[in-house]
Structures are given as C-alpha cells and as structure tokens.
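Structure record follows, encoded as structure tokens.
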Amino acid sequence: MSFQISLQPDGQQFPATADQSLLDAALAAGLLLPYGCRDGACGACKGKVLSGSFEHGAICAGALSDADRAAGMALFCRAQARSDLVLEARNVRRADDIPVKKLPCRVHSLKRVADDVMILELRLPASERFAFRAGQYIDLLLADGRRRSFSIANAPHDAELLELHIRLVPGGQFTPHVFDGMKERDILRFEGPLGSFTLDEHADTPIVLLCGGTGFAPIKSIVEHARHLGIRRPMALYWGARQADGLYLDALAREWAASIPDFRYIPVLSGLSDNDGWQGRRGLVHEALMADFPDLSAHQVYACGAPAMIEAARADLSGRCALPAEAFFADSFTFSTT
Ligand code: FES
Numbered sequence: 170m171s172f173q174i175s176l177q178p179d180g181q182q183f184p185a186t187a188d189q190s191l192l193d194a195a196l197a198a199g200l201l202l203p204y205g206c207r208d209g210a211c212g213a214c215k216g217k218v219l220s221g222s223f224e225h226g227a228i229c230a231g232a233l234s235d236a237d238r239a240a241g242m243a244l245f246c247r248a249q250a251r252s253d254l255v256l257e258a259r260n261v262r263r264a265d266d267i268p269v270k271k272l273p274c275r276v277h278s279l280k281r282v283a284d285d286v287m288i289l290e291l292r293l294p295a296s297e298r299f300a301f302r303a304g305q306y307i308d309l310l311l312a313d314g315r316r317r318s319f320s321i322a323n324a325p326h327d328a329e330l331l332e333l334h335i336r337l338v339p340g341g342q343f344t345p346h347v348f349d350g351m352k353e354r355d356i357l358r359f360e361g362p363l364g365s366f367t368l369d370e371h372a373d374t375p376i377v378l379l380c381g382g383t384g385f386a387p388i389k390s391i392v393e394h395a396r397h398l399g400i401r402r403p404m405a406l407y408w409g410a411r412q413a414d415g416l417y418l419d420a421l422a423r424e425w426a427a428s429i430p431d432f433r434y435i436p437v438l439s440g441l442s443d444n445d446g447w448q449g450r451r452g453l454v455h456e457a458l459m460a461d462f463p464d465l466s467a468h469q470v471y472a473c474g475a476p477a478m479i480e481a482a483r484a485d486l487s488g489r490c491a492l493p494a495e496a497f498f499a500d501s502f503t504f505s506t507t
C-alpha cells in the first residue's frame, strides 16, 4: 500500500510505502530533501509534518527533542507514513543524475596534520569516473557491514584522488585503525556520493562559511569549487577549534584570504586561557560570526560541525540575525564509537 506525500510550500508530491522512510521515498521520486547521516542521528533531515499520521522510527533523542515531537517535527530519514501526509520541507531540489556507486579504492597517502586529525587520500580505479558535488560525502564500507561517513574535501574538478579529513575517535571501531594500522596501498570500499550539503550556485548573495574541527573538509571542497568556477560572491570563513592545532589547514585558509578576491578568514579558538598568546578571536565560532554579521537577511550560511554547534547556529542565526531558514545549509556529523 502506498500513501501520497505532499510537500509545502512548493507543492511537490510523491508516493511512499509504509516500510519506506519518507526520505527514501522522496529520493526514489527524484526529490532531494536535505539530509545527512540517514541514521536518525544528525537532525539534518528534520522537518514538520503538517497533517497525517506517521511512525517516528528508531532515532537518537538528541536529534529530535520532546519539544520537537510536540511541535509535530519528524526525522524524514526514519519516519514512515501511516496515512497520506503533508510535510513542510524547504530547500527541496530535483535530484540530479549523479549516480551513487559502490567502488573499491586504494589508500594513496596518510598524512597526520594534528594529534587527532589524519588526511587520507584515496585513489579510485583508473577505469572509473566518480562524479560528486562539492560538499557531499562518502560512506566507507567496513568489513562487518558497518559504515563511516566522511566528507570529500577536494573539489569535483580535481577528483583524481578523494581527500578525507579523519578525526580520531578514542575507543572507536574504525578511526584508531586509520591512525595506527592503515597503510598506503590498503584496499577500501566506499559508497557515494551522498548528502545534500552543496553550494547553491544560482544565488548571488554573499556566502558565510561556518565550521568546527574537521567540518572544514566539505567547506574546503566548496571553496575550491567556487574558486574554480570563478564565483565572485563575497565569502567569509569562520573556522572554530578548541586549540590552534585544531585549525589543521590554517595556512591554506590564509592563502585563500590572500589570493581570492573578497574572501575573509576568521579563525576562532574556544579552549584557550587568557595568557596563551593567541592574538585572534576567542569563544564559540558561531557567536563570533553573529558579532560580525548582526544582519544576515541577505546572506547564505553553509555550516558543518557537530550537531550541537549546528543546532545552536541554526537557532541563533535565524532568531537573532534574521537569516532566512532556507538560507541555512548544514551538514552535521556524528562520531560513532560502535
Ligand atoms: S537524522 Fe536524518 S539524515 Fe541525519
């Protein structure tokens, strides 16, 4: 049995069966709703059910609060229809024809750029052309069937290798292996490209880029893509970390600021003492952004980081700086230890 799902405000419709997530049903119909983890954990797919009945499915409490539930919100990557539904969904795009593939790849290089950050480069089979959009991610497929999601840090025009920025998760099942066991020429498998966090190339508004830690990876892809296209929109990059070594490609960001017209870079550290010698900005990175941009009504913001940072930025930038809801593009990542 299938139900009819309608999207507001744009009016698109698609069918969904009772055992299909609303996100999967939308993707099957060629509609790209915002999403990230597809696992009920990151909150990127959260939206409001305006009418109809549905099951929430298995979700992480942090991704959908009791207040969200009371307000009729659902995680579309988990929710399943039990009747025809009307959903509120913004930033819906037509899914394009970039195919999602499962491919083998070989570890080309491993470069430790901070105590807890490794840059991993993967070489694809020579016979394969792998297309993706700047800002998307891949899932590395582990031998036991589990997956780990990592953003692609290089731009699509420069995709001979895939660059991933991997943060060590102490006690994790995968990332300690990247730091201690993985070697050049090891074979991995992945699936991708995935995710809806991509640059809106048709807008002409200034761009504000906001990231924490290895959330820099998809931002790097977007900046290099925009530079390649010759996009002239003003860009400001706010990169937050606890300590200076968390800004593991600080020199690259400074090079962008020196060489890309109308590009500013503002590093922000949150874990410092008063007498550490840091001359730059301090505190929470999205608060530094708000101090500089009290009116974001004519901007787009692209944000990548931990879910708490993304949720705080979403609420504060729209609530206090007039950022339109549809102008906030986010990719929030979770660190799995299982
Ligand atoms: S919670 Fe649905 S995509 Fe992450």
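The sequence shown: position 161 = 330 (the numbering used here), numbered continuously.
Using N, Cα and C, we set each Cβ at its ideal position, and we do this for glycine too.
Small disclaimer: the values here were computed from a predicted structure and weren't measured.
Here's the rule I'm using: 16 or more other beta-carbon atoms within 10 Å means buried, otherwise exposed. How should residue i be labelled?
i: P476; result: buried
i: D500; result: buried
i: P463; result: exposed
i: Q249; result: buried
i: H203; result: Note on residue identity: the sequence assigns Pro, not His, to residue 203. P203 is buried by the Cβ-count criterion.
i: L331; result: buried
i: G399; result: exposed
i: Q182; result: exposed
i: V339; result: Note on identity: in this sequence residue 339 is Pro, with Val being the wrong assignment. It is exposed - the Cβ of P339 has fewer than 16 other Cβ atoms within 10 Å.
i: T506; result: With a pLDDT of only 48 at T506, under the threshold of 50, the placement of this residue in the model should not be trusted, and no figure is reported.
i: M478; result: buried
i: K389; result: buried
i: E290; result: buried
i: H455; result: buried
i: P294; result: exposed
i: A460; result: exposed
i: G199; result: exposed
i: R251; result: exposed
i: V392; result: buried
i: G205; result: buried
i: P362; result: buried
i: R489; result: exposed
i: G212; result: buried
i: A187; result: exposed
i: A258; result: buried
i: R336; result: buried
i: R483; result: buried
i: A232; result: buried
At what residues does the beta strand (DSSP E) containing residue i begin and finish?
i: C206; result: Note, C206: premise wrong, no beta strand (DSSP E); not H, not E.
i: K215; result: 215-220
i: R316; result: 316-320
i: M242; result: 242-244
i: A185; result: 182-186
i: L330; result: 330-336
i: S175; result: 171-177
i: I228; result: Unbroken run through I228: none, as it is neither H nor E.
Taking 6 Å as the limit between beta carbons, can you name the residues of its chain near residue i, skipping five residues before and five after?
i: H394; result: A303, A324
i: A300; result: I267
i: H326; result: H397
i: G440; result: R411, Q412
Name the two residues that bound the continuous alpha helix (DSSP H) containing residue i.
i: D485; result: 476-490
i: K271; result: First-last for K271: 270-283, but that is the beta strand (DSSP E), not the alpha helix (DSSP H).
i: R411; result: Looking at the DSSP string, R411 is not in any alpha helix (DSSP H), and its letter there is neither H nor E.
i: P387; result: 385-398
i: R353; result: Checking the sequence, you will find Glu at residue 353 rather than Arg. Per DSSP, E353 belongs to no alpha helix (DSSP H) and is neither H nor E.
i: L291; result: From DSSP, L291 is part of no alpha helix (DSSP H) but of the beta strand (DSSP E) over 286-292.
i: A239; result: 235-239
i: L311; result: It is not in any alpha helix (DSSP H) - L311 carries neither H nor E in the DSSP assignment.
i: L191; result: 191-197
i: S428; result: 419-428
i: E456; result: 454-461
Here's a check: name, in chain order, each residue in its chain whose Cβ is nearer than 7 Å to the Cβ of residue i, leaving out the five neighbours to either side.
i: D419; result: P436
i: H334; result: V286, I288, A322, T383, F385, A386
i: R396; result: I429
i: L309; result: R316, R317, F319, L357, F359
i: R247; result: S190, G209, H225, G226, A227, I228
i: D373; result: R402
i: A426; result: F432, R433, Y434
i: G452; result: V437, S439
Less than 8 Å between the CB atoms is what I'm expecting for residue i and residue j, so what's the real figure, rounded?
i: E224; j: L279; result: 43 Å between Cβ atoms; not a contact.
i: L192; j: R262; result: With 8 Å as the limit, L192 and R262 do not qualify as a contact, their Cβ atoms being about 14 Å apart.
i: D253; j: F172; result: 5 Å
i: D414; j: D284; result: 7 Å
i: C380; j: G474; result: 6 Å
i: L458; j: V377; result: 6 Å
i: A491; j: L465; result: 6 Å
i: A264; j: L176; result: The pair is not a contact, with the Cβ atoms about 14 Å apart (cut-off 8 Å).
i: L502; j: L486; result: Looking at the sequence shown, residue 502 is not Leu but Phe. About 19 Å separates the two Cβ atoms, so there is no contact after all.
Among residues of its own chain, excluding the 5 on either side of residue i, which ones have a beta-carbon nearer than 8 Å to its beta-carbon?
i: P375; result: R402, P403, M404, A405, A467, H468, Q469
i: P184; result: S171, F172, Q173, I174, A194, A198
i: R423; result: Y434
i: H277; result: E290, L291, R292, L330, E353
The stretch 207-222 touching the stretch 234-249, judged by at least three CB pairs closer than 8 Å: yes
Stretch pair the stretch 421-438 + the stretch 405-413: three plus CB contacts closer than 8 Å: yes
The stretch 446-453 touching the stretch 366-377, judged by at least three CB pairs closer than 8 Å: no
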